[in-house]
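First the structure, in the form of structure tokens, and then the observations on it.
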Amino acid sequence: MNSSELMRIAQAMVAKGKGILAADESTGTIGKRFSAIKVESTEENRRAYRDLLFTAAPATQAISGVILYDETIRQSTQDGTPFPRYLAQNGMIPGIKVDEGAKPMAGCPGETITEGLDGLRERLVAYHALGARFAKWRAVIDIAEGIPSWSAVHANAQGLARYAALCQENGIVPIVEPEVLMDGGHSIERCEEVTSLVLQTVFGELFAARVLLEGMVLKPNMVISGKKAANRAVPQAVAEATLRVLKRHVPPAVPGIAFLSGGQSSPEATLHLALMNQMGPLPWTLTFSYGRALQDNALKTWGGAPGNLAAAQKEFAKRAKLNGLAAIGGYAADMETQAA
Ligand code: 13P
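In the working numbering, each residue carries its 1-based index in the sequence shown increased by 1380.
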């Protein structure tokens, strides 16, 4: 394991004023996003859409790295440059989703375990050769009556730690993503309780697996009310609760925390990040690794029509810029109506 190289990559992923674009939707997930805008999910449409995002010139100033899916890492820009090479040439580190999805967990009704450890070492070697320098593995913890169970939290944490150790062995920085879902009607207090348990368990397992904390990036959920909660906590409360939990459970050796958006609206995700960065100084860099909160507006504007490409790129550039500002605390909600 080359520790200094892992540390260098991890730091570059969370460089000041930059964050990560999650464009690693599986074929099933991108199919759902496309069907919402009535676009057929063909391989060429998926390529064209990713091309649009990656080549949106000003946007890339706020993007340190891009998480790709297995199909995407093998695709190319319109002019034939492989995506990983194009990204690297334009200052964005190519990354790859390596988990094989959250599957129903035996013995734990209503809960999932993320699969993908079998053969992972060999796949990491292949992805490294294709240009990937970081990876992502997402564990999913749902909140409902009687769940999560300790069994599911522990097994998912162990999976994340096994994955992270394998990544580092192969010169790839692991993004460790334990996502506590915001589906459902739970309170922010319940989210805080579960997120605490999950993060504490994950860092215990990372320690047991001998993962180099300086050579990883954490991708957590924010501590937030469930989407269907009657009284949703205000942005200031989300920022305070999230920081409280992170300070309790994330060692300062971790260089950066890059949040998922998890179903928050685009402005909401940006505002929460900005508020937290305004409450510094903090022991780690706090930035974004958003999928939907970066892409939603661009996807709708594009609608599958080549003629909308420039307008869609502008929408993506706007969200990237605003989130880049939020990552240094320099965003205010009134910028939503000004930014180009
Ligand atoms: P969202 O920001 O849309 O939650 O996606 C981030 C991600 O990579 C989820 O695994």
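By construction, the Cβ of each residue, glycine as well, lies at the ideal position given by its N, Cα and C atoms.
So, at 6 Å on beta carbons, what are the nonlocal neighbours of residue i in its own chain, with the 5 sequence-adjacent residues on each side left out?
i	result
A1720	Because A1720 sits at a pLDDT of 48, beneath the cut-off of 50, its placement in the model cannot be relied upon, and the point is left open.
G1710	none
G1683	I1417
A1395	S1444
G1565	G1606, K1608 and A1609
A1678	A1692, E1695 and F1696
C1488	S1529, S1531 and A1532
If we define contact as Cβ-Cβ less than 8 Å, is residue i a contact residue for chain B?
i	result
R1542	The displayed structure is made up of one protein chain only, and chain B is not part of it.
Using a Cβ-Cβ cutoff of less than 7 Å, which residues in the same chain neighbour residue i once the five nearest sequence positions on both sides are dropped?
i	result
V1533	I1521, L1577, V1578 and T1581
G1595	S1383, L1386, M1387, A1390, Q1548 and V1553
L1623	M1656 and M1659
P1462	S1456
V1603	I1568, C1571, E1572, T1575, V1618, A1621, T1622 and V1625
R1612	S1605
V1632	Going by the sequence as given, residue 1632 is Pro instead of Val. Hits under 7 Å: P1663 and W1664.
Y1449	D1404, E1405, S1406 and K1477
T1722	The structure shown does not extend to residue 1722, since the chain is modelled only from 1381 to 1720, so the question has no answer here.
G1687	none
For the candidate residues the options, whose alpha-carbon lies nearest to that of residue i?
i	options	result
A1519	L1653, L1401, L1561 and R1513	L1561
T1407	K1701, S1421, D1676 and L1401	S1421
L1401	R1672, E1424, P1600 and I1410	R1672
I1568	A1544, G1539 and Q1616	Q1616
D1459	K1680, E1716 and D1431	D1431
Q1675	K1608, P1464, E1695 and A1589	E1695
F1414	A1685, G1704, K1698 and I1708	A1685
A1649	A1707, T1575, L1662 and G1487	A1707
K1516	L1497, P1484 and R1426	L1497
F1434	I1527, G1475 and G1411	G1475
G1511	L1467, D1404 and N1688	L1467
R1628	E1557, S1669 and F1583	F1583
E1423	I1447, E1451 and A1588	E1451
V1614	V1634, F1639 and H1652	H1652
K1698	R1590, S1646 and D1563	S1646
K1483	I1555, P1464 and N1536	N1536
I1527	A1700, A1545, G1399 and E1491	E1491
G1642	I1493, N1601, N1688 and T1681	N1601
May I ask you to check if the CB of residue i is nearer than 7 Å to at least one heavy atom of ligand 1?
i	result
R1672	yes
L1448	no
E1525	no
L1593	no
G1606	no
D1404	yes
G1642	yes
E1557	yes
S1669	yes
R1612	no
G1413	It should be noted that the sequence gives Arg, not Gly, for residue 1413. No, the Cβ of R1413 stays beyond 7 Å of every heavy atom of ligand 1.
R1518	yes
Counting only the same chain and skipping the five closest in sequence on each side, list residues whose C-beta sits under 8 Å from that of residue i.
i	result
G1636	A1390, Q1391, M1393, V1394, V1597, L1598, W1664, T1665, L1666 and T1667
N1550	R1501, L1504, V1505 and H1508
M1715	L1702 and L1705
Return the bridge partner residues of residue i from the DSSP annotation.
i	result
Y1721	Because residue 1721 is not part of the residues shown, which for the chain are 1381 to 1720, the question remains open.
V1446	L1401 and P1474
G1636	V1597 and T1665
R1518	E1557
K1608	Note: K1608 sits in no beta bridge, so no partner.
I1568	None; I1568 has no bridge partner.
For ligand 2, I want to know if residue i counts as a neighbour, meaning its beta carbon is within less than 7 Å of at least one of the ligand's heavy atoms.
i	result
A1545	Of the ligands one can find in the structure shown, namely ligand 1, none is ligand 2.
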